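*Asks:* Position 214 of the sequence shown, counting from 1, maps to 1255 under my numbering, and the rest follow consecutively. I am attaching a structure below and will ask some questions about it afterwards.
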Amino acid sequence: YTDETDPLTLFEMSLGPCDYSRWKAGQYVGEKDVYILDDGIHAVAPGEAYFLIVRDSGKVVYSGPGTTIPLSEVFSRELIPGWNMLGNPYPVSIPVSALSLASGNPVRVWRYRGAWELADVLEPWEGYVIHVDAPDMIVINPYAKVENEKEEFSWKIKISAQCGNARDVENVAGFAPDAVEGKDVKEPPMLGNGISLYFVVNGERYAVDARSGENLVYEFVVETEREGEVVLQFEPENVPDDKEIRVFDHMTKKSFNPAEKYIFHAPCKRRFTLLVGNKGWLEKELDKMDEGLSLRVLNSVAFFYLPRSGKVALDVFGVDGRKIRSIYEGEMERGEHTLPLNFCAPPGIYFLLLRMENEKATCKMVRLK
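Written out as structure tokens, the structure reads:
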């Protein structure tokens, strides 16, 4: 680490006075989901990392004199919930297998090289990000035994999205017979005017979605504010011959074969469902998705189908358009659901309204007593 502890002063030594039109530096605070620039970024210290965006190519940052942590020392640092920026505190490359969390959870370290990538090595002077769900501590032992990682998935499908020079390539829908908590990997935060492809799991964003079962459904979103063509590509690996693969585009209400590139226009926040399974099951699922939201009432119970996961509202209205009762409002998983219709109202005609984003389904009800 350098003798100069102010990161902005350190960068100005090589890049000149801070000028956002030429360069800017900052950090990401995962707990608050915000980027901070200039004032408020942490002082230079072992294990710290920063974003540095430079307009002109060929620039070199000179660090000046400094000190390094001896390889004989084990480094540790506290992590806050959310995304944490992390630097290599040593002057040599350190394999990610030398890192551990006090919680015992798996270590997933990301680096950014035009697109987010999972890293297997921490390089000197490079910055990384790591996600934890609760307060934790990262431990780096340079002399930890390096073990070869076992393949996590029996089969998987890699998905990438690109718009212009913005890419998101590290996305995996995988099958693991023992798919348990820990195999799913959170999606890193989007950088600037980039593009993000993420799986939706319990309302949160993931880069890796591990599942088990005979027939599998993966929901993902492609999001960008850039303008231009988005190219979506799929790379299946070791998918069994008896499994078929289809992707449903919730914008066009059509499915497509992922063997070919899929192109659409941005800016967008576009939802897709990836289905992998037996032919008969897959055809039935696609038929349901073609119909979109469906709703019916039987014996004071609402039966409805959601073509994807997301925020849902189910309300009862009178014939005059006045809302009588809110039955449910919140996140729900894709699939079939039932809810009891418990509300007090005099006999008459009522309407049940199911809303999900810009889709609606209604059902007429008659209350006899």
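Don't be surprised by glycine CBs; every beta carbon is placed ideally from N, CA and C. In this text the structure is predicted, and so the values were computed from the model without any measurement.
#1: Please specify which runs of the beta strand (DSSP E), each continuous and at least 3 residues long, are wholly inside the region 1217-1258, giving them in chain order.
#2: In angstroms, rounded to a whole number, what distance separates the CA positions of Val1070 and Val1095?
#3: For Leu1382, write down the residues that DSSP places opposite it in a beta bridge.
#4: Can you check which of these residues, Glu1255, Ala1066, Pro1058, is closest to Ser1195 by C-alpha distance?
#5: Mind checking which residues open and close the alpha helix (DSSP H) that includes Phe1052?
#6: So who's on the other strand from Ile1126, going by DSSP bridges?
#7: In its own chain, which residues sit with a C-beta less than 6 Å from the C-beta of Gly1128, not counting the 5 before and 5 after it?
#8: Near Cys1204, which residues of its chain fall below 6 Å by C-beta distance, leaving aside the five closest residues on each side in sequence?
#9: Cβ of Leu1238 within 8 Å of Cβ of Ala1207?
#10: Assign Thr1157 to one of two classes, buried (16 or more other C-beta atoms within 10 Å of its C-beta) or exposed (fewer than that).
#11: Just mark Ile1179 as buried or exposed, buried being the case when its beta carbon has 16 or more other beta carbons within 10 Å.
#12: Counting beta carbon pairs with one atom in the region 1388-1400 and one in the region 1353-1365, are three or more of them shorter than 8 Å?
#13: Express the C-alpha separation of Val1241 and Cys1309 in angstroms, rounding to a whole number.
#14: Hey, would you say Leu1316 sits closer than 8 Å to Ala1343, going by beta carbons?
#15: For Arg1154, count the other beta carbons within 10 Å of its own beta carbon; 16 or more makes it buried, fewer makes it exposed. Which is it?
#16: Taking the DSSP output, what are the residues bridged to Cys1404?
*Replies:* Based on what the coordinates show:
#1: Whole beta strand (DSSP E) segments, 3+ residues: 1236-1242, 1245-1252.
#2: Between the alpha carbons of Val1070 and Val1095 lies a distance of about 21 Å.
#3: Partner(s): none; Leu1382 has no beta bridge.
#4: Shortest Cα-Cα distance from Ser1195 to any of Glu1255, Ala1066, Pro1058 involves Glu1255.
#5: Unbroken alpha helix (DSSP H) run through Phe1052: 1048-1056.
#6: According to the sequence displayed, residue 1126 carries Met and not Ile. Under DSSP, Met1126 shares a beta bridge with Val1170.
#7: Beyond the five residues adjoining it in sequence on each side, Gly1128 comes within less than 6 Å, by CB distance, of Gly1088, Glu1089, Ala1090, Gly1168 in the same chain, given in chain order.
#8: Excluding residues within five positions, the ones whose Cβ falls inside 6 Å are Ile1236, Thr1265, Arg1267, Gly1269, Val1271, Ala1307.
#9: In this structure, Ala1207 does not lie closer than 8 Å to Leu1238 by Cβ.
#10: For clarity, residue 1157 is Trp in the given sequence; the question names Thr instead. Buried is the call here.
#11: By the 10 Å Cβ count, Ile1179 comes out buried.
#12: Touching, per the Cβ criterion.
#13: A straight line joining the alpha-carbon of Cys1309 with that of Val1241 spans about 16 Å.
#14: No, they are not a contact pair.
#15: Arg1154 comes out exposed.
#16: Answer by DSSP bridge pairing, in chain order: Leu1393.
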